[in-house]
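Participant: Quick one: the structure is below, questions incoming.
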Amino acid sequence: MTTRRVTTSALIAAAAAASLLLSGCVAGENQPAQAKSKGSAGAVIQGGTLTIDFATYNPLSLVIKDQGWLEDALASQDVTVNWVQSAGSNKANEALRAGAIDVGSTAGSAALLARSNGSPIQTIDIYSQPEWSAIVVADGSPITSVADLKGTHVAATKGTDPYFFLLQALEAEGLTPEDIVVENLQHADGWAALQSGAVDAWAGLDPIMAGAEQAGAQLIYRNVDFNSYGFLNATESFLTAKPDVAQTVVNAYEHARVWALANPEKTAQILSDVAGLDLAVATTVIAERTNLDIDNVPGDAQLKVLTKIGPTFVATGDVPNQGKINDALATLLNPTFATKADASAIK
């Protein structure tokens, strides 16, 4: 593989593109059919639209969209697939809460935050166990540790894993959020701000972070235990109305997992194309910082991580009290669809 260095201008362009909330069109999107039956357990829904996100931080979503598996699987039911790009977990959560999408991908921490604050979502599949967050500084920065962040400006996207990663990193070093100034910027804008010198550090997110590293940025703090899993979430109304479509989505995700594990180079190429990244950068994200070979069923492994993160939300005022965290922990995960996932059902 030939590696070419990512230029700063190319990275800024890629970052700007990644920060947009884009929607992709599928044939027939402007001619939605009327549903011919109401949803119930085991019902087959005819007609309508599935609105689902894709995101560069969710490689399986990119594979599914690229291969057209959902369109093929749902064609017999006359269901149109509408793809919408999420620029971050916070944007996916906003779209889910507004009913703008039926299915969206977030970090586990972001899903817990949303559910704790009343968003009617449930996690139906686990798409990855990533190491997608770290504390990043510019090349040559005098900041070499989390302790050095005291009194600095740090870019982070509130409501996403990098933000919660930052909070945990501060706590681990005996600092508090009040010891820094958090600049609430979308992921790509955070990287741009670091490049321009507008901030001293950035709580980064792959694949943008991998591109930044390739360009010379330094990852001064990494801790895989502070990264929560990749959660595939759906609105409760969608799960009630269209359980068969939800099952097809999860089947497609598991088909994509098998495909991606067998085709890591093609998966990296798809990520490279969508995110506008150098192939070497995309390969780093897929090969080194994304674990797809995991149990897809939401359960104890995720609860263990979320139980640690939950009190942080209360301490920072993002959730009013621990009771809401406990309620969310008890109701967020829905293993029904992942337990029945059948990768072979997708052709």
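Throughout the sequence shown, residue numbering follows mature numbering (1 follows the signal peptide of the UniProt record, and there is no 0), covering -35 to -1, 1 to 312 in sequence. For every residue, glycine included, the Cβ atom is placed at its ideal position computed from N, Cα and C.
For R80 and K56, I'd like the C-alpha separation in whole angstroms.
Facilitator: In the sequence shown, the residue the question calls residue 80 occupies position 115. In the sequence shown, the residue the question calls residue 56 occupies position 91. Their Cα atoms are separated by approximately 15 Å.
Participant: Just confirm the distance between the C-beta atoms of A76 and H152, as a whole number of angstroms; I'd bet it's less than 8 Å.
Facilitator: In the sequence shown, residue 76 corresponds to position 111, counting from 1. In the sequence shown, residue 152 corresponds to position 187, counting from 1. With 8 Å as the limit, A76 and H152 do not qualify as a contact, their Cβ atoms being about 17 Å apart.
Participant: Is the Cβ-Cβ distance between Y186 and I100 less than 9 Å?
Facilitator: The residue given as residue 186 occupies position 221 in the sequence shown. The residue given as residue 100 occupies position 135 in the sequence shown. A contact, by the Cβ cut-off of 9 Å.
Participant: Can you give the Cα-Cα distance for K30 and V147, rounded to whole angstroms?
Facilitator: Your numbering for residue 30 matches position 65 in the sequence shown. Your numbering for residue 147 matches position 182 in the sequence shown. Their backbone Cα atoms lie some 35 Å apart in a straight line.
Participant: Check the C-beta distance from L131 over to V119 and give it rounded, since I have them as a contact under 8 Å.
Facilitator: Here residue 131 refers to the residue found at position 166 when the sequence shown is read from its first residue. Here residue 119 refers to the residue found at position 154 when the sequence shown is read from its first residue. So it is a contact: roughly 6 Å between Cβ atoms.
Participant: Can you check the segment 61 to 93 for any alpha helix (DSSP H) of at least 4 residues that lies completely inside it and give the ranges in chain order?
Facilitator: Fully enclosed alpha helix (DSSP H) runs of 4 or longer: 73 to 81.
Participant: Are there any heavy atoms of the ligand FMN lying less than 8 Å away from the beta-carbon of S93, as far as the coordinates show?
Facilitator: Questions concerning the ligand FMN fall outside what the structure shown contains, since it holds no ligand whatsoever.
Participant: Can you tell me the Cβ-Cβ gap for G155 and T122, rounded? I've got them flagged as a contact below 8 Å.
Facilitator: Position 190 of the sequence shown, counted from the start, is the residue given in the question as residue 155. Position 157 of the sequence shown, counted from the start, is the residue given in the question as residue 122. About 7 Å separates the beta carbons of G155 and T122, which is inside the 8 Å limit, making them a contact pair.
Participant: With DSSP as the reference, label W167 as helix, strand or coil.
Facilitator: Against the sequence shown, residue 167 aligns to sequence position 202. DSSP places W167 in strand when its eight states are reduced to three.
Participant: Can you confirm whether the segment 241 to 248 touches the segment 171 to 181 when touching is taken to mean that 3 or more C-beta pairs between the two stretches lie within less than 8 Å?
Facilitator: A contact exists between the segment 171 to 181 and the segment 241 to 248.
Participant: Go ahead and pull the three-state DSSP assignment for Q179.
Facilitator: Within the sequence shown, the letter at position 214 stands for residue 179. Q179 falls in the helix class under three-state DSSP.
Participant: Does G195 pass the burial test, meaning 16 or more other C-beta atoms within 10 Å, or should it be called exposed?
Facilitator: Sequence index remark: in the sequence shown, residue 195 carries index 230 (1-based). Counting Cβ neighbours within 10 Å, G195 comes out buried, since at least 16 surround it.
Participant: Tell me, to the nearest whole angstrom, how far the beta carbon of L298 is from that of P263; I am working on the premise that it is less than 8 Å.
Facilitator: Indexing the sequence shown from 1 puts residue 298 at position 333. Indexing the sequence shown from 1 puts residue 263 at position 298. L298 to P263, Cβ: 4 Å. Contact.
Participant: When the Cα atoms are used, what is the spatial distance from T296 to I86?
Facilitator: Translated into positions along the sequence shown, residue 296 becomes position 331. Translated into positions along the sequence shown, residue 86 becomes position 121. Cα to Cα, T296 sits roughly 9 Å from I86.
Participant: Should D90 go down as buried or exposed, given a rule of 16 or more other Cβ atoms within 10 Å for buried?
Facilitator: On the sequence shown, position 125 is the one that residue 90 refers to. Buried: at least 16 other Cβ atoms inside 10 Å.
Participant: Have a look at V250 and W167 and give me their C-alpha separation to the nearest angstrom.
Facilitator: Within the sequence shown, the letter at position 285 stands for residue 250. Within the sequence shown, the letter at position 202 stands for residue 167. Straight-line Cα distance between these residues: approximately 18 Å.
Participant: Once you ignore the five residues that flank F302 on each side, which residues in its own chain have a CB closer than 7 Å to its CB?
Facilitator: Against the sequence shown, residue 302 aligns to sequence position 337. Within the same chain, F302 has close Cβ partners I89, D90, A211, Q212 and V215.
Participant: Measuring CA to CA, which of A252, P300, G83 and Y128 is closest to P285?
Facilitator: The sequence position of residue 285 within the sequence shown is 320, counting from 1. It is G83.
Participant: Hey, how far is the Cα of T16 from the Cα of V28?
Facilitator: Here residue 16 is taken as the residue at index 51 of the sequence shown, counted from 1. Here residue 28 is taken as the residue at index 63 of the sequence shown, counted from 1. Taking the CA atoms as reference points, T16 sits about 16 Å from V28.
Participant: Could you work out which residue in K207, I235, K231 and P95 is closest to G169 when comparing CA atoms only?
Facilitator: For the purposes of this step, residue 169 is taken as the residue at position 204 of the sequence shown. Selected option, being the one with the closest Cα: P95.
Participant: When you compare the CB positions of D104 and G162, do they come within less than 9 Å of one another, or not?
Facilitator: In the sequence shown, counting from the first residue as 1, residue 104 sits at position 139. In the sequence shown, counting from the first residue as 1, residue 162 sits at position 197. For D104 and G162, no; Cβs fall outside 9 Å.
Participant: Would the beta-carbon of L204 fall within 9 Å of that of Y92?
Facilitator: Counting from one through the sequence shown, the residue named residue 204 turns up at place 239. Counting from one through the sequence shown, the residue named residue 92 turns up at place 127. No, these two residues do not count as a Cβ contact at 9 Å.
Participant: Among D258, T232, A217 and A225, whose alpha-carbon lies nearest the alpha-carbon of K305?
Facilitator: Indexing the sequence shown from 1 puts residue 305 at position 340. Ranking D258, T232, A217 and A225 by Cα distance to K305 puts A217 first.
Participant: Residue range of the beta strand (DSSP E) that T45 falls in?
Facilitator: On the sequence shown, position 80 is the one that residue 45 refers to. Note, T45: beta strand (DSSP E), T45 to Q50.
Participant: Just to confirm the assignment: which complete alpha helix (DSSP H) runs, minimum length 4, are found wholly within the segment 207 to 263?
Facilitator: 208 to 227, 229 to 240 and 244 to 253
Participant: For K312 versus A38, is the C-beta distance shorter than 9 Å?
Facilitator: Within the sequence shown, the letter at position 347 stands for residue 312. Within the sequence shown, the letter at position 73 stands for residue 38. Yes, they are a contact pair.
Participant: Which two residues bound the contiguous beta strand (DSSP E) that contains S98?
Facilitator: What you label residue 98 is simply residue 133 of the sequence shown in a count that begins at 1. For S98, the enclosing beta strand (DSSP E) begins and ends at S98 to V102.
Participant: Measure the alpha-carbon distance for W48 versus S110 and round it to whole angstroms.
Facilitator: Working through the sequence shown from its first residue, we reach residue 48 at position 83. Working through the sequence shown from its first residue, we reach residue 110 at position 145. Spanning the two alpha carbons is a distance of roughly 40 Å.
Participant: Return the first residue and the last residue of the alpha helix (DSSP H) that I29 is part of.
Facilitator: Here residue 29 refers to the residue found at position 64 of the sequence shown. Run containing I29: P24 to Q32, per the alpha helix (DSSP H) assignment.
Participant: As a quick exercise: from G13, G69 and G12, pick the residue whose alpha carbon is nearest that of E201.
Facilitator: Counted from its first residue, the sequence shown places residue 201 at position 236. Out of G13, G69 and G12, the CA that lies nearest to the CA of E201 is found in G69.
Participant: Count the other C-beta atoms from every protein chain shown that fall within 10 angstroms of the C-beta of S309, then say buried if there are 16 or more, exposed otherwise.
Facilitator: Taking the sequence shown and counting its residues from 1, one reaches residue 309 at position 344. Exposed, by the Cβ-count rule.
Participant: For E138, does the three-state DSSP call read helix, strand or coil?
Facilitator: As a position in the sequence shown, residue 138 is number 173, starting the count at 1. E138 carries a coil assignment under DSSP once its states are collapsed to helix, strand and coil.
Participant: Of the choices N256, Q42 and G64, whose alpha-carbon is the least far from that of G12?
Facilitator: Taking the sequence shown and counting its residues from 1, one reaches residue 12 at position 47. For G12, the nearest C-alpha among the options comes from Q42.
Participant: Check whether the Cβ atoms of L294 and L257 lie closer than 9 Å to each other.
Facilitator: Here residue 294 refers to the residue found at position 329 when the sequence shown is read from its first residue. Here residue 257 refers to the residue found at position 292 when the sequence shown is read from its first residue. No.
Participant: If you compare alpha carbons, which of N58, W34 and S193 is closest to L268?
Facilitator: The residue you call residue 268 lines up with position 303 of the sequence shown. Distance check between L268 and each of N58, W34 and S193 places S193 closest, using alpha-carbon atoms only.
Participant: State the start and end residues of the unbroken beta strand (DSSP E) segment that holds D18.
Facilitator: On the sequence shown, residue 18 is found 53 positions in, with the first residue counted as 1. Here the beta strand (DSSP E) through D18 covers T14 to F19.
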